[in-house]
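**Q** Counted the way our numbering counts, the sequence shown spans residues 1177 to 1616.
Using N, Cα and C, we set each Cβ at its ideal position, and we do this for glycine too.
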Amino acid sequence: MSGITQCFYGIASNNTDILYQVCPKSLNVVSNYTTGVSVFDTYAIATDMDYLWVLLAGSLVFFMQTGFTLLEAGMVKHTNVQNILFKNMMDACIGTISFFLFGYCIAYGDDEQSNGFIGVGNVVLLSKDYNAFFFQWAFAATAATIVSGSVAERCRLDAYFFYTLCLTLWVYPIVVHWMWSNTGWLSPFNEDIQAIEGGVIDFAGSGVVHMVGGWSGLCGAYFLGPRYLRFDTTGQRSKVLQRQFAFGHNVPFQVLGTFILWFGWYGFNPGSTLAANGAMTLASKVAVNTTLAAAAGGATVALVERLVGGIWMIPAICNGILAGLVAVTGPCAVVKPWAAILIGITGGFFYWCSSNLLEKFLKIDDPLDAFSVHGVCGFWGVINTGIFAYDKADIAFAGYSDAVVNLSQGYRFGIQLLAAVVIAAWTLINGCIMFGMLRA
1177 MSGITQCFYG IASNNTDILY QVCPKSLNVV SNYTTGVSVF DTYAIATDMD YLWVLLAGSL
1237 VFFMQTGFTL LEAGMVKHTN VQNILFKNMM DACIGTISFF LFGYCIAYGD DEQSNGFIGV
1297 GNVVLLSKDY NAFFFQWAFA ATAATIVSGS VAERCRLDAY FFYTLCLTLW VYPIVVHWMW
1357 SNTGWLSPFN EDIQAIEGGV IDFAGSGVVH MVGGWSGLCG AYFLGPRYLR FDTTGQRSKV
1417 LQRQFAFGHN VPFQVLGTFI LWFGWYGFNP GSTLAANGAM TLASKVAVNT TLAAAAGGAT
1477 VALVERLVGG IWMIPAICNG ILAGLVAVTG PCAVVKPWAA ILIGITGGFF YWCSSNLLEK
1537 FLKIDDPLDA FSVHGVCGFW GVINTGIFAY DKADIAFAGY SDAVVNLSQG YRFGIQLLAA
1597 VVIAAWTLIN GCIMFGMLRA
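1) Taking the beta carbon of Val1376 as the centre, do at least 16 other beta carbons fall within 10 Å, making it buried, or is it exposed?
2) Please name the residue, chosen from Phe1573, Val1352, Asp1408, Trp1229, that lies closest to Val1511 on a Cα-to-Cα basis.
3) In angstroms, rounded to a whole number, what distance separates the CA positions of Met1456 and Ala1233?
4) Tell me, to the nearest whole angstrom, how far the beta carbon of Gly1557 is from that of Val1502; I am working on the premise that it is less than 8 angstroms.
5) Looking at the structure shown, is Arg1615 part of a helix, part of a strand, or coil, going by DSSP?
6) Among Gly1295, Ile1609, Gly1443, whose alpha-carbon lies nearest the alpha-carbon of Trp1229?
7) Let me make sure I understand the geometry here. Which of Leu1261, Ala1380, Leu1394 has the alpha-carbon closest to that of Asn1606?
8) Tell me which residues share the same chain as Tyr1280 and place their Cβ nearer than 6 angstroms to its Cβ, disregarding the 5 neighbours each side in the sequence.
9) Would you identify the three-state DSSP class for Ala1268, choosing helix, strand or coil?
10) Which stretch, first to last residue, makes up the alpha helix (DSSP H) that contains Arg1419?
11) Please state whether DSSP places Ala1371 in a helix, a strand or coil.
12) For Ile1487, count the other beta carbons within 10 Å of its own beta carbon; 16 or more makes it buried, fewer makes it exposed. Which is it?
13) Three or more beta-carbon pairs under 8 angstroms between the stretch 1354-1361 and the stretch 1560-1577, yes or no?
14) Would you report the Cα separation of Val1352 and Ile1599, rounded to the nearest angstrom?
15) Are the beta-carbon atoms belonging to Leu1246 and Phe1429 less than 9 angstroms from one another?
16) Within the chosen definition, does the stretch 1249-1260 reach the stretch 1449-1469 through at least 3 CB pairs nearer than 8 angstroms?
17) Got a sec? Which residues, its chain only, sit under 8 angstroms from Ala1371 by beta carbon, not counting five neighbours each side?
18) Compute the beta-carbon to beta-carbon distance between Met1610 and Tyr1339, rounded to the nearest angstrom, for a pair I have assumed lies under 8 angstroms.
19) By alpha-carbon positions, which one of Gln1241, Val1552, Ala1397, Glu1329 ends up nearest to Ile1436?
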C-alpha cells in the first residue's frame, strides 16, 4: 500500500447534507462545503488534548510508586517487606490529603497574593485547577517516597508519617514555588523576577523533586543511624546477612522496579511539556534524551563495578540507570542527545563515588542509596544545565522566554549552581529539624 493515500468518509452529525473526506496521511479534511480544514481543528479541541496528555503523564508518574515499592521491597531483608509496603502506601494516602489541603496552595497559590518565597491563596484547590493539581500531586508523592528508601528497616511508622506530612505540606511545596511558579524568586516563569536575571532551568525536577527527596533522606539516614550489624567488625554478622545488605533479598523485584521506574519517567520528563498540541516534537526529544541518559548511567556503573569490585552487580546497575535518569531530568529539554549520554555517564559515576563514600568512609547507612541516586545526581542535574545547555535555539525550543534564552553561559552556570546550593541548604535545615525532633 506504499504511496497510496487512504481516506475515509463521514457525514456531519448536525447536517446530513455535508459529507467529509478525511485523509489521515495528509491530515486534511475535504468536504463538499469547505476544503483544507485541519483534522485537529475539526475533530479535536487543543485544550482537551493538552489536558489528556497531562492526565496520562500524571498517571505514569504515579505508577512510579509501584516501581519504588518493588525496588525497596527487593533491597530490604525479607522480614521488613511488609513494613516498607505499608510505608509506601501511606505515603500516597497522607501526601494526597496534605498536598490538596495546603501543599498545592504553598507551591503555586494565587499569583496576586503570593510572593517570591511562598504561595498564598487557593487553599483546598479553590481555583478548580484540577488538571495541574493532578500532575503536581504525582510529583509530590514521588518526592516523599524517595526518603522511604533511606530510612528503610529502622524508622517508626508514626515518625515516618510525621515526616511525610511535613515534606508534602512545607519542604517540597516551598521549593516548587521558588522554581516553577509565576512568582517564585528563582522561577523562569516569573515575568517580574528581581533576585536574579532570567530564571533557573529545571525542566522536570532534578532539583525540585529529586534533591528534596534525596537530601531529606540523607538527614533521615544520619539521625537514625545504621541498621543492626550493618557496619559490624566483630564477626557477629553472618554471611547470609552480609549478602542481604549488599544485594537485598529479591533481585528480580529490584530489576522489575527499575524498569517500571524507567517506564514511568516517560511521564515524568516528556509530560513536563504540560501540553500536547504543538509540543510533541519537544516531548519526543525529551524522551530520547531520557532514554540515552538512563542507558549510559546503567552501562557506566556496570563497568565501574566490574573493574573495581570484580563482579557484575545487579543492584548497582539498577541504581546506575536511575542515576542517569535523575541527572537528565532537569536539562532534558535543553540539551542535545550527545550531551544526554555524557550526563548519564557522569551521573552514574557520581552515584558510584557517593555511594562508596557514604558506606566505606562516613558509615552512613542508606539501604537504597537514595541520597547518592537522587540527592547527588539531582544536584548534578541542576548544575549541568549551565554546562550543556549552550545552544540558545535549544532553550528557546523548550519554551523558555527571551530573558532566559539570552543569558550568558557563565551567568547561567552561576544561577544554576546557586539554585542547587539553596535547595540543598533548605532541605538539610528542614530535614535536620524534622528528624532531630523525632530522635529527641
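**A** So, from the listed chains and residues:
1) Taking the first residue of the sequence shown as position 1, residue 1376 is located at position 200. Around the beta carbon of Val1376, a 10 Å sphere encloses 16 or more other beta carbons of the protein chains shown; the residue is thus reported as buried.
2) For the purposes of this step, residue 1511 is taken as the residue at position 335 of the sequence shown. Taking only the C-alpha atoms, the option nearest Val1511 is Phe1573.
3) On the sequence shown, residue 1456 is found 280 positions in, with the first residue counted as 1. On the sequence shown, residue 1233 is found 57 positions in, with the first residue counted as 1. Between Met1456 and Ala1233, the alpha-carbon positions lie close to 13 angstroms from each other.
4) The count along the sequence shown starts at 1 and reaches residue 1557 at position 381. The count along the sequence shown starts at 1 and reaches residue 1502 at position 326. Their Cβ separation, rounded to whole angstroms, is 6 angstroms, which keeps Gly1557 and Val1502 in contact under 8 angstroms.
5) One-based indexing of the sequence shown puts residue 1615 at position 439. Helix, per DSSP.
6) For the purposes of this step, residue 1229 is identified with residue 53 of the sequence shown, where counting begins at 1. Taking only the C-alpha atoms, the option nearest Trp1229 is Gly1443.
7) Taking the first residue of the sequence shown as position 1, residue 1606 is located at position 430. Of the listed residues, the one whose Cα sits closest to Asn1606 is Leu1394.
8) Residue mapping note: residue 1280 aligns to position 104 of the sequence shown, counting from 1. For Tyr1280, same chain residues with a beta-carbon under 6 angstroms away, outside a window of 5 residues either side, are Phe1309 in chain order.
9) As a position in the sequence shown, residue 1268 is number 92, starting the count at 1. It is helical.
10) The residue labelled residue 1419 in the question sits at position 243 within the sequence shown. Where Arg1419 is concerned, the enclosing alpha helix (DSSP H) stretches over 1415-1423.
11) The residue given as residue 1371 occupies position 195 in the sequence shown. Note: Ala1371 maps to coil in three-state DSSP.
12) To locate residue 1487, count along the sequence shown from 1; it is residue 311. Flag for Ile1487 reads exposed.
13) No: the two stretches stay apart, fewer than three of their Cβ pairs being nearer than 8 angstroms.
14) Along the sequence shown, read from residue 1 onward, the residue named residue 1352 stands at position 176. Along the sequence shown, read from residue 1 onward, the residue named residue 1599 stands at position 423. Answer to the nearest angstrom: the Cα atoms are 10 angstroms apart.
15) Position 70 of the sequence shown holds residue 1246. Position 253 of the sequence shown holds residue 1429. Yes, the Cβ-Cβ distance between Leu1246 and Phe1429 is below 9 angstroms.
16) Flag = no, the stretch 1249-1260 and the stretch 1449-1469 do not touch.
17) Start at 1 with the first residue of the sequence shown, and residue 1371 comes out as number 195. For Ala1371, where only same-chain residues beyond five positions count, the Cβ hits under 8 angstroms are Gly1292, Trp1361, Leu1362.
18) The count along the sequence shown starts at 1 and reaches residue 1610 at position 434. The count along the sequence shown starts at 1 and reaches residue 1339 at position 163. About 6 angstroms separates the beta carbons of Met1610 and Tyr1339, which is inside the 8 angstroms limit, making them a contact pair.
19) Locating residue 1436 in the sequence shown gives position 260, counting from the first residue. Residue Gln1241 is the option with its Cα nearest to Ile1436.
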